[in-house]
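Colleague: The structure is given below, and queries will be raised subsequently.
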Amino acid sequence: GSSLGAPPAVPGAAAEPPRVQPPARGEDFYCVKWISWKGERTPVITQSENGPCPLLAIINILLLQWKASRASSGCSQVKLPPQKEVITAEELMAHLGNCILATQPRDTSEGLQLNFQQNISDTMTVLPKLSTGLDVNVRFTGVSDFEYTPECIVFDLLNIPLYHGWLVDPQSPEQVQAVGKLSYNQLVEKIITCKQASDSSLVSEGLVAEQFLESTASQLTFHGLCELTARAREGELGVFFRNNHFSTMIKHKGHLYLLVTDQGFLQEEGVVWESLHSVDGDSCFCDTEFHLSHALGKAGGTAAPPDHRLQQSQVDQDYMVALSLQQGQDPPSVLSDLELARQLQHEEYQQHHPHPQPGPSQPLPAQVGGRVGGERRQRQKPDLDCTLL
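Here full-length UniProt numbering is used: the first residue of the sequence shown is 1, the next is one more, and so on.
This is the structure we're talking about:
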């Protein structure tokens with residue numbers, strides 16, 4: 001397999017790419033954004049309208065982890081030519097196929113080889129779906145808990161963790177009882193069954209389950225965010241799933257960030273990461289070293305669509321200062337302290353800038369409405385959503 005990373009000129013003497021069925025829109029291409037990452041020029045694939053976010057989330061991890069030790073981490077890597085400005089979906093699939101083939105176990109025992117070949121076969125069937133959208137079915141019991149489906153094999157083979165933050169609050173015994181260890185699809189079926197039941201306790205339990213889904217429609221709960229922060233390892237790159245959108249996530253100095261892949265920021269070198277520290281959509285942009293980005297302010301607000309993020313720029317900047325001061329504490333106390341800090345800064349900001357504010361349920365741009373387990377939700381930002389078949 002090819003060892004593909006980002007920086008200097010190591011000739012990419014790759015093996016013949018596996019013959020993967022190209023996506024239906026094989027002519028699609030994506031712009032490459034070059035950033036400075038750990039001291040080297042590193043490419044990030046940006047997402048155009050209806051871009052294939054599962055594919056991009058995985059590829060961007062393979063691009064960013066070039067500095068990982070292959071011997072110790074088992075990480076696969078992707079390298080692009082330093083002048084590369086655009087890349088096709090077919091090229092991305094070929095790179096991904098190479099990385100998957102490179103995961104072949106060193107152990108040559110017949111059992112392991114047969115298992116590997118079966119996994120490869122299953123994965124090649126799944127690969128085309130990566131460019132249209134995957135159906136993954138969350139369980140509400142843990143941030144790494146998903147119903148195991150063929151779609152999960154890709155993440156397993158590449159040793160990439162898949163996370164979500166849609167958890168039941170353990171301090172709500174009624175919800176814990178109603179939701180249990182069910183997956184999203186099973187919970188929807190239970191709600192339908194309970195509504196038709198003659199037993200009043202079942203009807204009641206169904207209502208509690210339905211209320212849980214409605215009250216957590218953003219698919220990120222406070223308990224889930226705390227658990228996600230605690231569970232992810234420092235410096236770890238993973239994929240974060242929310243509202244059928246897949247984002248590249250990293251934990252840096254105890255805090256979570258999502259890679260900004262919106263093509264609208266292609267020329268904004270100072271906008272690389274977006275903080276994930278709130279369940280109600282508040283976030284701020286950071287540069288490659290996780291320092292607060294001032295690029296938007298300098299551009300006079302023209303670098304991005306005029307939305308609430310620009311209005312709250314100062315709030316977010318002050319919030320990040322508070323966030324950085326809290327790095328040594330446990331996630332739950334960090335969040336509660338930061339919420340207080342944000343509230344105070346927000347009130348102060350409102351006094352000086354009386355702009356109309358959006359509703360608290362406004363999702364992050366990298367986590368827009370879609371569907372989970374087959375349910376379609378109204379898209380709030382279609383230009384950043386995935387195409388779902």
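Backbone N, C-alpha and C define an ideal beta-carbon position, used for all residues, glycine too. Bear in mind that the values here come from a model prediction, so they are computed numbers and not experimental data.
Within a Cβ cutoff of 7 Å, which residues of the same chain sit near residue 431, ignoring the five residues on either side of it in sequence?
Modeller: Since the first residue shown for the chain is 1 and the last is 389, residue 431 is missing from the structure and cannot be characterised.
Colleague: From residue 170 to residue 220, what distance separates their C-alpha atoms?
Modeller: As a working note, residue 170 is residue 170 in the sequence shown. As a working note, residue 220 is residue 220 in the sequence shown. Cα-Cα distance, rounded: 15 Å.
Colleague: Using 8 Å as the threshold, is the stretch 257-266 in touch with the stretch 176-187, meaning 3 or more CB pairs across them?
Modeller: no
Colleague: For residue 173, name the three-state secondary structure that DSSP assigns.
Modeller: As a working mapping, residue 173 is identified with position 173 in the sequence shown. Residue 173: helix per DSSP, three-state reduction.
Colleague: From residue 44 to residue 97, what distance separates their C-alpha atoms?
Modeller: Taking the first residue of the sequence shown as 1, we reach residue 44 at position 44. Taking the first residue of the sequence shown as 1, we reach residue 97 at position 97. Each residue's alpha carbon lies about 18 Å from the other.
Colleague: Just checking, does the stretch 132-150 make contact with the stretch 84-98 on the three C-beta pairs under 8 Å criterion?
Modeller: no
Colleague: Okay, do the stretch 248-255 and the stretch 229-236 touch, 3+ Cβ pairs below 8 Å being the bar?
Modeller: yes
Colleague: In three-state terms, what does DSSP make of residue 231?
Modeller: Counting from 1 along the sequence shown, the entry for residue 231 is found at position 231. In this structure, residue 231 counts as helix in the three-state DSSP scheme.
Colleague: Nearest to residue 145 by CA position, among 241, 54, 87, is which residue?
Modeller: For the purposes of this step, residue 145 is taken as residue 145 along the sequence shown, with counting starting at 1. Nearest C-alpha to residue 145: 241.
Colleague: Thinking just about the alpha-carbon of each residue, which of 208, 153, 255 is nearest to the one in residue 227?
Modeller: Along the sequence shown, read from residue 1 onward, the residue named residue 227 stands at position 227. Minimum Cα distance to residue 227 is reached at 255.
Colleague: Taking the continuous alpha helix (DSSP H) assigned at residue 213, which residues delimit it?
Modeller: If you number the sequence shown from 1, residue 213 lands on position 213. Where residue 213 is concerned, the enclosing alpha helix (DSSP H) stretches over 200-215.
Colleague: Does residue 156 come out as helix, strand or coil in the three-state DSSP assignment?
Modeller: Looking up residue 156 in the sequence shown gives position 156. Three-state result, residue 156: helix.
Colleague: If you follow the alpha helix (DSSP H) that residue 116 is in, where does it begin and where does it stop?
Modeller: Counted from its first residue, the sequence shown places residue 116 at position 116. Residue 116 -> alpha helix (DSSP H) spans 110-126.
Colleague: Quick one: is residue 77 buried, meaning 16 or more other Cβ sit within 10 Å of its Cβ, or exposed?
Modeller: Position 77 of the sequence shown, counted from the first residue, corresponds to residue 77. Label assigned to residue 77: buried.
Colleague: Does the distance from the C-beta atom of residue 272 to that of residue 282 stay below 8 Å?
Modeller: Indexing the sequence shown from 1 puts residue 272 at position 272. Indexing the sequence shown from 1 puts residue 282 at position 282. Going by C-beta atoms, residue 272 is not nearer than 8 Å to residue 282.
Colleague: Can you tell me whether DSSP reads residue 148 as helix, strand or coil?
Modeller: Residue 148 sits at position 148 when you count from the first residue of the sequence shown. Of the three classes helix, strand and coil, the one that applies to residue 148 here is coil, per DSSP.
Colleague: How should residue 315 be labelled, buried or exposed, when 16 other C-beta atoms within 10 angstroms of its C-beta is the threshold for buried?
Modeller: Sequence index remark: in the sequence shown, residue 315 carries index 315 (1-based). Its pLDDT being 44, under 50, residue 315 is placed unreliably by the model, and nothing is read from it.
Colleague: Quick check on this structure: which residue in 190, 214, 217 has the alpha carbon closest to the alpha carbon of residue 205?
Modeller: Position 205 of the sequence shown, counted from the start, is the residue given in the question as residue 205. For residue 205, the nearest C-alpha among the options comes from 190.
Colleague: I need the straight-line Cα distance from residue 245 to residue 290, nearest angstrom please.
Modeller: Numbered from 1 along the sequence shown, position 245 holds the residue referred to as residue 245. Numbered from 1 along the sequence shown, position 290 holds the residue referred to as residue 290. Between residue 245 and residue 290, the C-alpha separation is close to 22 Å.
Colleague: Just curious, the beta strand (DSSP E) that residue 33 is in, first and last residue?
Modeller: Taking the sequence shown and counting its residues from 1, the one referred to as residue 33 is at position 33. Looking at the DSSP string, the run of the beta strand (DSSP E) that includes residue 33 is 29-37.
Colleague: Would you report the Cα separation of residue 143 and residue 172, rounded to the nearest angstrom?
Modeller: If you number the sequence shown from 1, residue 143 lands on position 143. If you number the sequence shown from 1, residue 172 lands on position 172. Going from the Cα of residue 143 to the Cα of residue 172 covers about 18 Å.
Colleague: When you compare the stretch 186-202 with the stretch 151-159, are there three or more beta-carbon pairs, one atom per stretch, that lie closer than 8 Å?
Modeller: Of all C-beta pairs linking the stretch 186-202 to the stretch 151-159, fewer than three are shorter than 8 Å, placing the two stretches out of contact.
Colleague: Identify whether residue 399 lies in helix, strand or coil by the three-state DSSP scheme.
Modeller: Absent from the structure is residue 399, since the part of the chain shown begins at 1 and ends at 389.
Colleague: Which class does residue 66 belong to by DSSP, given the choice of helix, strand or coil?
Modeller: Along the sequence shown, read from residue 1 onward, the residue named residue 66 stands at position 66. Helix at residue 66.
Colleague: Below 8 Å on the Cβ atoms is my guess for residue 397 versus residue 42; work out the distance and round it to an integer in Å.
Modeller: The question about residue 397 has no answer here: the residues shown for the chain are numbered 1 through 389.
Colleague: Under the three-state reduction of DSSP, which class applies to residue 40: helix, strand or coil?
Modeller: Locating residue 40 in the sequence shown gives position 40, where the first residue counts as 1. Residue 40: strand per DSSP, three-state reduction.
Colleague: What's the C-alpha gap between residue 218 and residue 278?
Modeller: Locating residue 218 in the sequence shown gives position 218, counting from the first residue. Locating residue 278 in the sequence shown gives position 278, counting from the first residue. Straight-line Cα distance between these residues: approximately 11 Å.
Colleague: Taking the straight line between their C-alpha atoms, what separation do you get for residue 193 and residue 215?
Modeller: Translated into positions along the sequence shown, residue 193 becomes position 193. Translated into positions along the sequence shown, residue 215 becomes position 215. Each residue's Cα considered, the two are about 20 Å apart.
Colleague: Could you give the DSSP three-state label for residue 284: helix, strand or coil?
Modeller: Within the sequence shown, residue 284 is the residue found at index 284, counting from 1. Secondary structure of residue 284 (DSSP, three-state): coil.
Colleague: Under DSSP, the beta strand (DSSP E) around residue 253 begins and ends at which residues?
Modeller: Translated into positions along the sequence shown, residue 253 becomes position 253. No beta strand (DSSP E) contains residue 253, which DSSP labels as neither H nor E.
Colleague: Considering only DSSP beta bridges, list what residue 278 is partnered with.
Modeller: Within the sequence shown, numbered from 1, the residue matching residue 278 stands at position 278. Answer is none; residue 278 lacks a bridge partner.
Colleague: Note down, in chain order, each residue of its chain lying with its Cβ closer than 8 Å to the Cβ of residue 163, except the 5 sequence neighbours on either side.
Modeller: Taking the sequence shown and counting its residues from 1, one reaches residue 163 at position 163. These residues qualify, in order along the chain: 143, 144, 228, 231, 232, 238, 239, 240, 241, 249.
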